[in-house]
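This report refers to the structure that appears directly beneath it.
Chains as they are written, first to last, in my numbering: chain G, 1236 to 1525; chain S, 36 to 259.
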């Protein structure tokens, strides 16, 4: 094994440009893979957030009493579809508004607690329960407006699906492309090492001894590419976190969980080894006749 | 040691070896001579099991070459050192690395490799060239490197296919003296050549092949 690793290192050292080219192709493939996985995981988490968040918001008319609100809340708690309810008074609404706009004094000056309506936020078990709950609320005479963010959920579901499909197809294509590049580079190396292989055979090298460094080489290109891709994707994510946090608002996706990134690295390394090994195996089978 | 019994080899319709029978004892130095295309290289390639005979039986020691399992071929080849006319050295390796390759594929440790390669390079008198690449070597030094690579694993047999073909007169004699010395340790040597002077001066066993057939086999023979 140590000899095979030594031969692999020697192969790479003596053809550095091919090694760089192969690693770059793997880098692009795995950068795309990791980007799509991060996007898919992010959109999935955002979707979960919206699905678990109070999804129906009912705004109360001016003059609604605590008894009216309590009656509605009690009625909703009887519903098995409702998981949680939260009353937001005018003062609480003002507090939330102030927190959100603390950097804009003009907006803060214009708004008082009287302007903002009290509201009730209702969570449901399933996004499909949103509409019936909204209908119940709309029938309440003290309710002035009902907001159903099911459109947000529907849009997010659709975006998540698109990311999965487009990402899957792109990554699938890039995986095939990367495998073929490995086949090509390892095949080329086998051809330029014909004399060496012939000598190795004649001095008694086993087929495994001759093949193994080529297999390791393909795997190493995959591993190098994927580690570089991971460093790039993590750096970009870290760099843009402050900007994205502002954009995402209440959706707490960032800063990204380091465990998620480690799992992403682990998964990518496994995939890279598989792609490298398949490409090398194919090249060895095709070009290395021992 | 080496026994050919009615060995024939066909390449398509062409008959490269025709019913060859030959018995070579351990420690012999045998010249295989004959014109180009006579079948000398085919005979040597069968002995390294690069090719298989079409018919007949070849025994090396108690091993029937045609019956060796593919998985045992590498083990068999470690008993046979090969030297080529064009040296077949690797451009990107130093003299030391060329010779070490034989032992690396055998799974020897770094210490064993260092010791054996140093010993062998000193033996063939190119230890001072150990860090040079083939392009920096003379023809004689390149062939000595190839011989060192062939003998470093202590094979029972050394096959030399026209080892002096690309060398000048003086260098060729240096290589022959080296092969002669290796033979004196008990290593069997089969050397394909058409260098009459060498064959006739050394007065060793000479097997003459023409059109795939052995036409003459004589001890202390001559090549005319």
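Here a beta-carbon is modelled for each residue, glycine too, at the ideal position from N, C-alpha and C.
Since I believe residue j is in contact with residue i (beta carbons under 8 Å), could you give me their beta-carbon distance rounded to a whole number of angstroms?
| i | j | result |
| --- | --- | --- |
| residue 164(S) | residue 172(S) | 6 Å |
| residue 1506(G) | residue 1402(G) | With a Cβ gap of about 14 Å, residue 1506(G) and residue 1402(G) do not count as contacting. |
| residue 1510(G) | residue 1410(G) | 6 Å |
| residue 1239(G) | residue 1451(G) | 6 Å |
| residue 68(S) | residue 82(S) | Not a contact, Cβ separation roughly 16 Å. |
| residue 75(S) | residue 227(S) | 4 Å |
| residue 263(S) | residue 233(S) | Outside the modelled stretch of chain S, which goes from 36 to 259, sits residue 263(S), for which no answer is possible. |
| residue 1353(G) | residue 1373(G) | Their Cβ separation, rounded to whole angstroms, is 17 Å, which puts residue 1353(G) and residue 1373(G) out of contact at 8 Å. |
Show which residues of chain S have a CB atom less than 9 Å away from the CB atom of residue i.
| i | result |
| --- | --- |
| residue 1519(G) | The contacting residues do not exist; residue 1519(G) stays about 16 Å from chain S at best. |
| residue 1399(G) | Correct list: empty, because the minimum Cβ distance to chain S is about 47 Å. |
Could you tell me which chain G residues have their CB closer than 8 Å to the CB of residue i, listed as they occur along the chain?
| i | result |
| --- | --- |
| residue 125(S) | 1430, 1431, 1434 |
| residue 112(S) | 1436, 1437, 1438, 1439 |
Give me the chain S residues within the contact set of residue i, using Cβ-Cβ distance strictly less than 7 Å, ordered along the chain.
| i | result |
| --- | --- |
| residue 1444(G) | 140 |
| residue 1487(G) | Correct list: empty, because the minimum Cβ distance to chain S is about 55 Å. |
| residue 1244(G) | What residue 1244(G) touches in chain S: nothing, since even the nearest Cβ is about 13 Å away. |
| residue 1524(G) | Per Cβ cutoff of 7 Å: no residues; residue 1524(G) is ~12 Å from chain S at best. |
Candidates the options: which alpha carbon is nearest residue i's?
| i | options | result |
| --- | --- | --- |
| residue 1377(G) | 1240(G), 1303(G), 1334(G) | 1303(G) |
| residue 1427(G) | 1336(G), 1237(G), 1250(G) | 1250(G) |
| residue 45(S) | 187(S), 65(S), 91(S), 36(S) | 91(S) |
| residue 1381(G) | 1293(G), 1357(G), 1326(G) | 1293(G) |
| residue 1370(G) | 1307(G), 1339(G), 1430(G) | 1307(G) |
| residue 1366(G) | 1300(G), 1347(G), 1353(G), 1389(G) | 1389(G) |
| residue 1447(G) | 1398(G), 1520(G), 1372(G) | 1520(G) |
| residue 1283(G) | 1498(G), 1359(G), 1523(G), 1443(G) | 1359(G) |
| residue 1328(G) | 1317(G), 1279(G), 1465(G), 1346(G) | 1346(G) |
| residue 1404(G) | 1445(G), 1260(G), 1271(G), 1490(G) | 1271(G) |
| residue 93(S) | 206(S), 146(S), 56(S) | 56(S) |
| residue 1262(G) | 1515(G), 1432(G), 1433(G), 1412(G) | 1412(G) |
| residue 1265(G) | 1393(G), 1406(G), 1474(G), 1391(G) | 1406(G) |
| residue 59(S) | 117(S), 192(S), 152(S) | 192(S) |
| residue 97(S) | 190(S), 38(S), 126(S) | 38(S) |
| residue 42(S) | 249(S), 253(S), 110(S) | 249(S) |
| residue 1501(G) | 1321(G), 1461(G), 1488(G), 1515(G) | 1461(G) |
| residue 140(S) | 1415(G), 1236(G), 1353(G), 1439(G) | 1439(G) |
| residue 61(S) | 222(S), 232(S), 235(S) | 222(S) |
| residue 1290(G) | 1475(G), 1341(G), 1312(G), 1387(G) | 1387(G) |
Assuming residue i is part of the beta strand (DSSP E), what are its boundary residues?
| i | result |
| --- | --- |
| residue 165(S) | Run containing residue 165(S): none; DSSP gives neither H nor E here. |
| residue 1382(G) | 1378 to 1382 |
| residue 226(S) | 223 to 228 |
| residue 44(S) | 37 to 46 |
| residue 239(S) | Counting along the chain, residue 239(S) falls outside any beta strand (DSSP E), and DSSP gives it neither H nor E. |
| residue 253(S) | 248 to 253 |
| residue 194(S) | 192 to 196 |
| residue 1356(G) | 1354 to 1359 |
| residue 1320(G) | 1317 to 1323 |
| residue 1292(G) | 1291 to 1295 |
| residue 201(S) | Unbroken run through residue 201(S): none, as it is neither H nor E. |
| residue 1301(G) | No beta strand (DSSP E) holds residue 1301(G); the alpha helix (DSSP H) holding it covers 1301 to 1312. |
| residue 51(S) | 49 to 59 |
| residue 1438(G) | No beta strand (DSSP E) holds residue 1438(G); DSSP gives it neither H nor E. |
| residue 119(S) | 115 to 119 |
Answer yes or no: the CB of residue i versus the heavy atoms of the ligand FAD, is any distance below 6 Å?
| i | result |
| --- | --- |
| residue 79(S) | With respect to small molecules bound, the structure shown includes none, and the ligand FAD cannot be examined in it. |
On the DSSP letters alone, give me the boundaries of the alpha helix (DSSP H) that residue i sits inside.
| i | result |
| --- | --- |
| residue 1481(G) | 1442 to 1483 |
| residue 87(S) | No alpha helix (DSSP H) contains residue 87(S), which DSSP labels as neither H nor E. |
| residue 207(S) | 204 to 219 |
| residue 1511(G) | 1493 to 1522 |
| residue 1246(G) | 1237 to 1249 |
| residue 174(S) | 174 to 186 |
| residue 1346(G) | Looking at the DSSP string, residue 1346(G) is not in any alpha helix (DSSP H), and its letter there is neither H nor E. |
| residue 156(S) | 145 to 158 |
| residue 64(S) | No alpha helix (DSSP H) contains residue 64(S), which is instead part of the beta strand (DSSP E) from 64 to 68. |
| residue 131(S) | 130 to 140 |
| residue 112(S) | 108 to 112 |
| residue 1367(G) | 1365 to 1373 |
| residue 125(S) | Per DSSP, residue 125(S) belongs to no alpha helix (DSSP H) and is neither H nor E. |
| residue 81(S) | 75 to 82 |
Applying a beta-carbon distance threshold of less than 8 Å, which residues of chain S neighbour residue i?
| i | result |
| --- | --- |
| residue 1212(G) | Residue numbering for chain G in the displayed model covers 1236 to 1525; residue 1212(G) lies beyond these limits and cannot be assessed. |
Using a C-beta to C-beta distance shorter than 7 Å, which residues of chain G count as neighbours of residue i?
| i | result |
| --- | --- |
| residue 117(S) | 1437 |
| residue 109(S) | 1439, 1440, 1441 |
- the segment 135 to 159 of chain S: which residues have C-beta closer than 8 Å to a C-beta of chain G, in chain order? Taking 8 Å as the Cβ-Cβ cut-off against chain G, the residues of the segment 135 to 159 of chain S that qualify are 136, 137, 139, 140, 141, 142.
- Task: Could you please tell me which residues of the segment 61 to 88 of chain S, in chain order, have their CB closer than 7 Å to any CB of chain G?
- Result: 83
- Task: Compile a chain-ordered list of the residues in the segment 1407 to 1440 of chain G whose CB is closer than 8 Å to at least one CB of chain S.
- Result: 1430, 1431, 1433, 1434, 1435, 1436, 1437, 1438, 1439, 1440
- Mind checking the segment 187 to 203 of chain S against chain G and listing, in chain order, the residues whose C-beta falls within less than 8 Å of any C-beta there? 188
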